[in-house]
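There are 2 protein chains.
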Amino acid sequence: MHHTLQLYLNKMINNNKIVEYIRRSVSLTDEEAETFSVAFKEVKIKKRQFIVQPNFVVKNRNYVLDGAFRAYVVDDNGQDSTIAFAIEDWWITDYNSYILQKPATMFVVALEDSIILEISYEKEQALKNENHKFETFFRIRAERTAAFMQQRIISNLTQSAEERYQDFISKYPQIVQRVPQYALASYLGMTTEFLSRIRNKKANKNS
Amino acid sequence: MHHTLQLYLNKMINNNKIVEYIRRSVSLTDEEAETFSVAFKEVKIKKRQFIVQPNFVVKNRNYVLDGAFRAYVVDDNGQDSTIAFAIEDWWITDYNSYILQKPATMFVVALEDSIILEISYEKEQALKNENHKFETFFRIRAERTAAFMQQRIISNLTQSAEERYQDFISKYPQIVQRVPQYALASYLGMTTEFLSRIRNKKANKNS
DNA sequence: CAAATTTCCTAAACTAGATCATTTTTAACC
DNA sequence: GGTTAAAAATGATCTAGTTTAGGAAATTTG
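Structure below.
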């Protein structure tokens, strides 16, 4: 098949993904769907490439079409803590930096070769201003994000390291397979050594 | 002054509070402000009274006019963890229950005699549907809530118990004064005994 | 204002999880 | 494909924070 045509078809398919996504929350006419999808730009990201770095104001909100990402902060002692993961059909950015348009405190890095759809802050603002439905969509997104984060806070406060791990593998088995152990450990608030122990204690029991 | 008139005037003043609040995020005509404020109902809550209890679907989002509240969960071992505090000009509810209209997992209790403005889920939906500006307001609320929660997650992952405490007193000195120590300890993810030790270690240093 | 209840303090024993140091395994890359 | 680097495992030691238990203050309520 002709190369340019292939690219064009890929783009159509990918934009359908984001249209499908928004239509799970709000119903759109075909025209509205088009307006929404053209606000996004498809970008290829290589493994280990950063899409967010501290001290820069984050310009984009990113929807993952393919691949995996990790958002993390590095504290004064050089230890890093994973704030979020994202795989296909998830969103990722430094949320605080993006919504308040202030300098980022996080890194966001690709864990695999990936493809994202990015929307700029300005385009998102324009979408929200021009159509009530888009405003509704982003409101629902923010609410779900808050609900998700609240669950994580509760988990941190009430569960032991092992319980948090068990909980995570039962909720997100696809993610566990794809992220390095040290990243998962620092997401769950424990050292990689301790997570290794939890895992091997289990493995020995099973054998 | 005539009693009913006094009540009426109080109501006007209190509704001005919520109008002032929303106007910090979106600009409203006087008519819109009126529509917004009449969606709320003023309710007096006695100290130790619950406004949210587990297993019931939460009907209201609550704005605190006066007083103080605490939201918490109780785990299988009977230990409770504080999820949120709210004083004047803050909002409180079981967010997961409210936005997804599913049974609550939290208690929300008054720490003092309080006055709240409550809005029902249905009225909030109606406001958001009828006017783009109200949708924007609730979108901004949700975003700020998510941003706040993200900060708390980062604090839990990166800081020691003492650092979390120091951070909290510098950010929310007004709250520290008004909530019992065990509630603050369980918010910060430590025991009340350990918080007591942190406090007294400091006190001794200062003397 | 006195009794009852709740909150807070102190201190010793204990443990979940961290840190440190070394080895083994896996993955990256010329 | 062989070398080098990064990630994971393992063991020994340590510590921040918990648990348990008691008593002292402070609040609530009759």
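Protein sequences appear in the order of chains A and B. In case it helps, this note's numbering puts the first sequence at residues -17 to 189. In case it helps, this note's numbering puts the second sequence at residues -17 to 189. We treat Cβ as the ideally placed atom computed from N, Cα and C, and that holds for glycine.
(1) Taking the Cβ atom as the reference point for each residue, do residue 46 of chain B and residue 24 of chain B lie within a distance shorter than 8 angstroms?
(2) Would you say residue 57 of chain B faces chain A, with C-beta separation under 8 angstroms as the test?
(3) Anything in the segment 88 to 118 of chain B with a Cβ closer than 8 angstroms to a Cβ of chain A? List those residues in chain order, please.
(4) In terms of residues, what are the limits of the alpha helix (DSSP H) holding residue 82 of chain B?
(5) Under 8 angstroms: do the segment 57 to 69 of chain B and the segment 161 to 170 of chain B share three or more Cβ pairs, one atom per stretch?
(6) Which chain B residues sit within Cβ distance under 7 angstroms of residue 86 of chain A?
(7) Taking residue 75 of chain A and residue 44 of chain A to be in contact with their CB atoms under 8 angstroms, please state how far apart those CB atoms are, rounded to whole angstroms.
(8) Quick one: is residue 146 of chain B buried, meaning 16 or more other Cβ sit within 10 Å of its Cβ, or exposed?
(9) Rounding to the nearest angstrom, what Cα-Cα distance links residue 170 of chain B and residue 61 of chain B in this structure?
(10) Between A:180, A:101 and A:182, which has its C-alpha nearest residue 42 of chain A's C-alpha?
(11) Can you tell me where the beta strand (DSSP E) holding residue 26 of chain A begins and where it ends?
(12) Starting from the N-terminal side, write out each stretch of the beta strand (DSSP E) that is 3 residues or longer and does not extend beyond the segment 57 to 115 of chain A.
(13) Put residue 3 of chain A into one of helix, strand or coil per three-state DSSP.
(14) Determine the direct distance from the alpha carbon of residue 143 of chain B to that of residue 178 of chain B, and round the result to whole angstroms.
(15) Helix, strand or coil: how does DSSP classify residue 189 of chain B here?
(16) Any C-beta of chain A sitting closer than 8 angstroms to the C-beta of residue 7 of chain B?
(17) By the 7 angstroms beta-carbon criterion, what residues does the segment 54 to 81 of chain B contribute toward chain A?
(18) With a Cβ-Cβ cutoff of 8 angstroms, do residue 39 of chain A and residue 83 of chain A count as a contact?
(19) Less than 8 angstroms between C-beta atoms, sequence neighbours within five positions excluded: which residues of the same chain meet that for residue 57 of chain B?
(20) Considering only their Cβ atoms, is the gap separating residue 109 of chain A from residue 22 of chain A smaller than 8 angstroms?
(21) When the distance is taken between beta carbons, is residue 78 of chain A closer than 8 angstroms to residue 132 of chain B?
(22) On the DSSP bridge list, what partners appear for residue 45 of chain A?
(23) Which chain A residues sit within Cβ distance under 7 angstroms of residue 120 of chain B?
(24) With DSSP as the reference, label residue 158 of chain A as helix, strand or coil.
(25) Run through chain A and tell me which residues come within less than 7 angstroms of residue 125 of chain B, C-beta to C-beta.
(26) Grab me the residues of residue 95 of chain A's own chain with a C-beta within less than 8 angstroms of its C-beta, minus the 5 sequence neighbours each way, in chain order.
(27) Report yes or no: is there a C-beta of chain A within less than 8 angstroms of the C-beta of residue 189 of chain B?
(28) Is residue 124 of chain B near residue 121 of chain A, with beta carbons less than 8 angstroms apart?
(29) What separation, rounded to the nearest whole angstrom, lies between the Cα atoms of residue 92 of chain B and residue 13 of chain A?
(30) Since residue 17 of chain B meets chain A, which of its residues come closer than 9 angstroms, beta carbon to beta carbon?
(31) Out of A:117, A:87 and A:115, which one is the CA nearest neighbour of residue 35 of chain A?
(32) Shortest alpha-carbon distance to residue 156 of chain B belongs to which of B:85, B:72, B:16 and B:111?
(33) Comparing alpha-carbon positions, which option in B:52, B:20, B:16 and B:9 lies nearest residue 32 of chain B?
(34) How would you write the range of the alpha helix (DSSP H) that residue 150 of chain B sits in, first residue to last?
(35) Leaving aside the five residues before and after residue 180 of chain B along the sequence, list all residues of the same chain whose C-beta is less than 6 angstroms from its C-beta, in chain order.
(36) Below 8 angstroms on the Cβ atoms is my guess for residue 138 of chain A versus residue 138 of chain B; work out the distance and round it to an integer in Å.
Looking at the atomic coordinates:
(1) no
(2) yes
(3) 110, 114, 117 and 118
(4) 77 to 82
(5) yes
(6) Here the premise fails: no neighbours, minimum Cβ distance about 12 angstroms.
(7) 6 angstroms
(8) buried
(9) 14 angstroms
(10) A:101
(11) 23 to 27
(12) 62 to 68, 89 to 92 and 96 to 102
(13) helix
(14) 12 angstroms
(15) Legend: pLDDT at residue 189 of chain B = 37, less than 50; position of this residue unreliable, no value from coordinates given.
(16) no
(17) 55, 57, 63, 65, 77, 78 and 81
(18) yes
(19) 63
(20) no
(21) yes
(22) A:73 and A:99
(23) 121
(24) helix
(25) 81 and 124
(26) 26, 27, 28, 29 and 49
(27) With a pLDDT of 37 at residue 189 of chain B, under the threshold of 50, the predicted position of this residue should be treated as unreliable, and no value is reported.
(28) yes
(29) 49 angstroms
(30) Near residue 17 of chain B there are no residues of chain A at all, since even the closest Cβ is about 16 angstroms away, more than 9 angstroms.
(31) A:87
(32) B:72
(33) B:52
(34) 143 to 153
(35) 144 and 147
(36) 5 angstroms
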